[in-house]
Structures are given as C-alpha cells and as structure tokens.
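Reviewing the structure listed below.
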Amino acid sequence: MSIVGEAMGRYAQGDMAAFVVVYDEVAPRLERFLRRHLREKAAIEDLIQQTFLQMHGARGSFIVGAEVLPWAFAIARRLMIDLGRQSKARHEECLEMDGDELAAGLAAPDSSNAEELMDAQETRSRLVAAFGQLSGPQRSAFELVKSEGLSHAEAATILGTTVSGIKLRLHRSYLALRAALSEPALTAAVASVGPGVAAAKLLAAEERR
Amino acid sequence: MSLSPDFKQRVLASVADMPAPTRAQVTRARAWLLACGVAGAIAIFFLEGGMRVTSRPPSLVALTSLGTAVIAGVGMWVLFTRGRSVLGRPGSRLLIAALASSVLFVAWRYRISASYGFIEAWPGRPGFRCLGLSVLTGALPLLGALLSWRRSVPVSPVATGAAFGAGAGLGSALLVDLWCPVSYLPHLLLGHLLPIGVLALLGGVLGSRILRIWWR
Numbered sequence: 012m013s014i015v016g017e018a019m020g021r022y023a024q025g026d027m028a029a030f031v032v033v034y035d036e037v038a039p040r041l042e043r044f045l046r047r048h049l050r051e052k053a054a055i056e057d058l059i060q061q062t063f064l065q066m067h068g069a070r071g072s073f074i075v076g077a078e079v080l081p082w083a084f085a086i087a088r089r090l091m092i093d094l095g096r097q098s099k100a101r102h103e104e105c106l107e108m109d110g111d112e113l114a115a116g117l118a119a120p121d122s123s124n125a126e127e128l129m130d131a132q133e134t135r136s137r138l139v140a141a142f143g144q145l146s147g148p149q150r151s152a153f154e155l156v157k158s159e160g161l162s163h164a165e166a167a168t169i170l171g172t173t174v175s176g177i178k179l180r181l182h183r184s185y186l187a188l189r190a191a192l193s194e195p196a197l198t199a200a201v202a203s204v205g206p207g208v209a210a211a212k213l214l215a216a217e218e219r220r
Numbered sequence: 006m007s008l009s010p011d012f013k014q015r016v017l018a019s020v021a022d023m024p025a026p027t028r029a030q031v032t033r034a035r036a037w038l039l040a041c042g043v044a045g046a047i048a049i050f051f052l053e054g055g056m057r058v059t060s061r062p063p064s065l066v067a068l069t070s071l072g073t074a075v076i077a078g079v080g081m082w083v084l085f086t087r088g089r090s091v092l093g094r095p096g097s098r099l100l101i102a103a104l105a106s107s108v109l110f111v112a113w114r115y116r117i118s119a120s121y122g123f124i125e126a127w128p129g130r131p132g133f134r135c136l137g138l139s140v141l142t143g144a145l146p147l148l149g150a151l152l153s154w155r156r157s158v159p160v161s162p163v164a165t166g167a168a169f170g171a172g173a174g175l176g177s178a179l180l181v182d183l184w185c186p187v188s189y190l191p192h193l194l195l196g197h198l199l200p201i202g203v204l205a206l207l208g209g210v211l212g213s214r215i216l217r218i219w220w221r
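Residue numbers (the working numbering), protein chains in the order written: chain A, 12 to 220; chain B, 6 to 221.
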C-alpha cells in the first residue's frame with residue numbers, strides 16, 4: 012500500500028494527524044493537474060480546498076487499501092466541470108488548452124544554434140497545436156496517463172469509460188501527434204522518445220513556466 | 006506557482022472545522038439506513054399477504070425462490086458494493102451485472118416453472134399488481150442506499166444510482182417471487198422484469214441529484 016493510501020486509511024478511521032500526510036502527497040499533484048486547465052491562482056486554490064473538503068466529508072466511504080490519487084483527481088475534475096458550468100466568467104477556458112500561450116510560455120531550448128533553435132520551436136509549435144486540436148476526452152486521457160502517471164484502469168474510472176476506451180483515446184492522440192511530426196526532420200527530433208513522451212515533456216515544460 | 010504554507014494551514018483549519026463521520030460511523034449509518042429500507046419492504050410484502058404458495062407445489066416454490074435468491078444475491082453484491090476502488094465499479098460492468106442477473110432470474114423462473122407445467126396464462130393477472138408491489142418494495146431499499154451514499158460519488162452518479170435501483174429491483178423480485186404464483190412469460194416480463202428497469206431508471210434520476218458531489 013502507498014504512503015498516502017495508508018495515511019488515508021488511518022484518517023478515515025479518525026486519525027486527524029494523518030491528514031497532513033494526505034495533503035502533502037496529494038496537494039502538489041492536484042495543483043499541477045488543475046494548473047493545466049485554469050490560470051487563476053485563486054480558482055485553483057478554491058478547487059484544491061474544495062477537493063480536500065470533499066475527501067474529508069467522504070472519508071468514511073474510503074475503502075482501506077484503495078488508491079487515493081484517482082479518487083482525488085475524480086473529485087477535482089468533477090468540481091472543475093461544475094465550476095465551469097456555474098460561473099464561466101470565473102472559470103477560464105475549462106478543459107481548453109490555449110495553444111498559443113502554451114507555445115509562448117514553453118521553456119526555451121538550450122541550443123545556441125539558430126537553425127536548431129528554429130527547428131525546435133517549430134517542433135514545439137506543431138506539437139502544441141496538435142495537442143490543442145485533440146478532443147477534450149483525448150486530452151484528459153493523455154494528461155492522466157502520460158502526465159500524471161495513472162494506470163489505464165484508473166484513468167478509465169476517473170473519466171467514466173472503459174480501459175479500451177482509454178487505450179483508443181491514447182492511440183488517437185498518438186496518431187494526431189505523430190501526424191504533426193510527420194516531416195522527417197521533425198520526426199527525427201523526437202524519435203528517441205516518441206510523440207507521446209515528447210508532448211508530455213512539452214506539458215511539463217509549460218508547468219515549469 | 007506552488008502552494009504556500011498559508012494555504013496549507015487554511016485547508017487544515019477548514020477541514021478541522023468541518024465535522025465528518027469516520028468509517029465506523031458511516032458503516033453503522035449505512036447499515037441502519039439499509040436495514041430500515043429492507044424492513045419497510047418486508048412490511049409492505051406482509052401487508053400485501055406475504056408468501057403465497059397457492060396451487061404451486063412447495064418444491065417449485067423452493068426451487069424458484071432458491072435460484073432467484075442466488076441470482077439476486079450475486080447481482081445485488083456487484084451492484085451495491087464498490088469493489089476495491091473508492092470510485093466504484095465501471096459502468097459497463099454494472100450494466101452487464103444488471104442485465105445478466107435480471108434476464109437470468111426470469112429465465113430461471115420460467116424454465117423451472119415450465120418443467121412443472123406451470124406456465125399457463127392467468128386471466129385477469131397481466132402483471133400490474135406484481136409491477137406495483139415490486140416497485141413499492143424496491144423503492145424503500147433504493148432510497149436507503151441512495152441516502153447512505155449521498156454527496157459522495159464523483160464519477161457517474163447516474164450509473165451508480167441506476168445500479169442501486171437495479172439491485173433494489175432484484176431484491177424486490179425475490180419477495181415478489183414468493184408472493185406471485187404466475188409464471189406466464191408476458192406476466193413475468195411485465196410484472197417481474199419491468200420493475201427492475203423502472204427502479205433502475207428511478208435510481209438513475211435520483212442518483213444524479215442525491216449521489217453527486219456538490220460544492221461545500
């Protein structure tokens with residue numbers, strides 16, 4: 012059993028001190044997850060606080076030995092969707108990725124060679140554009156599996172679909188990303204890692220921004 | 006951006022301020038709610054006359070009831086429990102469990118009754134009384150299940166509610182099986198199978214309101 016799973020089990024049985032461990036393990040992951048969908052710091056903090064309040068309120072329903080992160084992500088995702096429905100003004104482009112801003116904010120490559128720099132920027136732009144064109148369900152599946160490291164089964168449960176459905180979404184995401192990298196020179200640039208990992212790295216670069 | 010220590014303190018304080026039941030308390034509360042629902046269903050069953058053997062051989066009643074109990078028991082276990090995940094079983098698995106156990110239970114009743122030659126139509130018993138009794142006896146355990154899981158299902162509250170409804174329908178099918186002597190197929194479909202669908206629908210509708218999480 013994971014540390015957070017064990018702590019959540021103790022917390023569900025009434026050990027309030029164990030909540031600190033749950034918070035320390037879950038909060039940074041939630042923040043990273045939510046930051047991909049929301050720009051407003053206050054909204055992100057509201058959602059994280061709400062997610063913990065929901066987990067707290069439902070701690071009696073926690074199954075000892077179960078995974079905590081998929082549960083936390085599922086609650087956060089549900090609340091985020093509700094927030095988007097309730098107040099579109101407060102919720103900035105829920106479940107939408109702004110491709111241009113993402114491209115502008117990506118960390119600059121280390122290369123000093125102007126040609127390589129341009130190639131890298133072009134690759135990045137293509138990947139970001141391709142990622143932005145993925146459907147919402149495809150992006151969600153990609154983020155949960157590739158960026159958050161959840162299993163196919165966990166992502167399927169969070170998104171309310173089957174494992175096959177998740178695999179299909181990931182496959183289509185890879186196809187779209189691969190198509191964006193179809194030119195030989197660009198393909199070679201990410202050949203060592205593959206389009207999925209390359210796009211995941213781009214997302215990670217955006218997070219470091 | 007990273008979360009500040011102040012924010013952490015704020016979350017810890019808000020959690021400390023909000024009372025939340027522990028696992029033991031929740032288990033007790035659920036047991037009470039479900040027991041009340043089941044007790045209500047059994048009370049209605051006995052008010053309507055309880056077990057009626059009529060002209061059926063006791064062995065037929067025992068066989069159909071025993072088979073229904075096993076099928077409904079397995080179906081209810083899958084539909085009411087959450088498995089090893091806090092998020093519950095996948096919707097596709099719930100759907101398969103609900104469909105398989107419902108069809109299997111009717112098929113069992115019909116097959117066993119046919120072997121005894123008790124599948125003829127009963128004039129004036131199309132199945133509406135069974136339909137009413139099934140929905141009534143299933144509604145109380147369904148309500149108990151929905152209330153015991155209120156505001157705690159972040160994924161697919163409709164599917165979870167529908168699964169609870171189908172599970173409650175299977176439970177009521179067991180009671181009505183003891184009550185109803187008719188095994189004519191159209192009667193079984195209307196009076197015994199349809200209520201499971203009606204309760205699943207009711208569970209889905211109520212589940213979307215009662216089970217889903219709301220901002221606190």
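Here a beta-carbon is modelled for each residue, glycine too, at the ideal position from N, C-alpha and C.
Apart from the five residues on each side of it in sequence, which residues of its chain come closer than 8 Å, Cβ to Cβ, to Ile59(A)?
-> Ala38, Leu41, Glu42, Leu45, Ala87
In three-state terms, what does DSSP make of Glu107(A)?
-> At Glu107(A) the pLDDT is 49, less than 50, meaning the model places this residue with poor confidence and gives no usable figure here.
For Gln14(B), which of Leu181(A), Glu78(A), Ala18(A), Val31(A) has the nearest alpha-carbon?
-> Val31(A)
In angstroms with no decimal places, state the Cα-to-Cα distance between Pro191(B) and Val181(B).
-> 16 Å
Secondary structure of Ser193(A), DSSP reduced to three states | coil
Ala38(A) at chain B interface by Cβ criterion, 8 Å | yes
Please classify Ile201(B): is it buried, with 16 or more other beta-carbons within 10 angstroms of its beta-carbon, or exposed?
-> buried
Residues of chain B with a CB under 8 Å from the CB of Arg150(A): which are they?
-> Going along chain B, no residue has its Cβ under 8 Å from Arg150(A), so there is no contact; the nearest lies around 18 Å.
Using DSSP bridges, identify the partner residues of Val158(B).
-> Arg217(B)
Kindly list the residues whose CB is nearer than 7 Å to the CB of Gly72(B), restricted to its own chain and excluding five residues on each side of it in sequence; keep chain order.
-> Trp113, Ile117
Examine chain A for any beta-carbon lying closer than 8 Å to the beta-carbon of Pro159(B), and answer yes or no.
-> yes
Does Tyr185(A) have its Cβ less than 8 Å from a Cβ in chain B?
-> no
Beta carbon of Arg98(B) nearer than 8 Å to that of Arg87(B) = no
Partner residues on chain A for Leu2(B), Cβ-Cβ distance less than 8 Å = Because chain B spans 6 through 221 in this model, residue 2(B) falls outside it and cannot be assessed.
Where Ala28(A) falls: helix, strand or coil (DSSP) = coil
How would you call Gln149(A), buried or exposed, if buried means at least 16 neighbouring beta carbons within 10 angstroms?
-> buried
Which residues bound the alpha helix (DSSP H) around Gly42(B)?
-> 28 to 52
Label Gln65(A) either buried or exposed according to how many other C-beta atoms from any shown protein chain fall within 10 Å of its C-beta, with 16 as the threshold for buried.
-> buried
Could one say the Cβ of Ala205(B) lies closer than 8 Å to chain A's Cβ atoms, at least one of them?
-> no
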